[in-house]
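Colleague:
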Amino acid sequence: MIDPMTVLTILAMAGVTYLTRIGGYVVLRNRTLSPRATAVMEAAPGCVLISVIAPDFVSKNPADLTALAITVLAATRLSMLPTVVIGVASAGVLRWLMG
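Taking this note's numbering, the leading residue of the sequence shown gets 2, the next gets one more, and so forth.
#1: Roughly how many angstroms separate the alpha carbons of A92 and V86, rounded to a whole number?
#2: Just tell me which of V89, M42, A55 and R32 has its CA closest to the CA of A15.
#3: Can you tell me whether DSSP reads L79 as helix, strand or coil?
#4: What's the gap between the Cα of W97 and the Cα of S60?
#5: On the three-pair Cβ rule with 8 Å, is the region 46-55 touching the region 75-86?
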């Protein structure tokens, strides 16, 4: 069975990612952003995502390392949302299968 704290953590991370994505647009909706400011706003969710998966780079758990490799591969081919879904799904399935 899935640990309730794990589910809560995943939902909290999704919420924070969503808030960082829309927060700037809500606050700055009546202003024209420069190309540089727009690039920063678009990069914020990626920064949150990398802070979540970065500890897996030093993991000794084969399931985490395999899920990390799958996520990196997906990131080179797909946009952010499919990459996140593939990363979370692969981590969940591999941890369930490999322990």
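Note that CB positions come from ideal geometry on N, CA and C, so glycine has one too. Note that this is a predicted model, so its numbers are computed, not measured.
Modeller: Taking the definition as stated:
#1: Along the sequence shown, one-based indexing puts residue 92 at 91. Along the sequence shown, one-based indexing puts residue 86 at 85. A direct Cα-to-Cα measurement between A92 and V86 gives close to 10 Å.
#2: The residue labelled residue 15 in the question sits at position 14 within the sequence shown. Out of V89, M42, A55 and R32, V89 has the C-alpha closest to the C-alpha of A15.
#3: Against the sequence shown, residue 79 aligns to sequence position 78. Coil at L79, not helix or strand.
#4: On the sequence shown, residue 97 is found 96 positions in, with the first residue counted as 1. On the sequence shown, residue 60 is found 59 positions in, with the first residue counted as 1. C-alpha separation (whole angstroms): 16 Å.
#5: Under the 8 Å Cβ criterion, the region 46-55 counts as touching the region 75-86, having at least three qualifying pairs.
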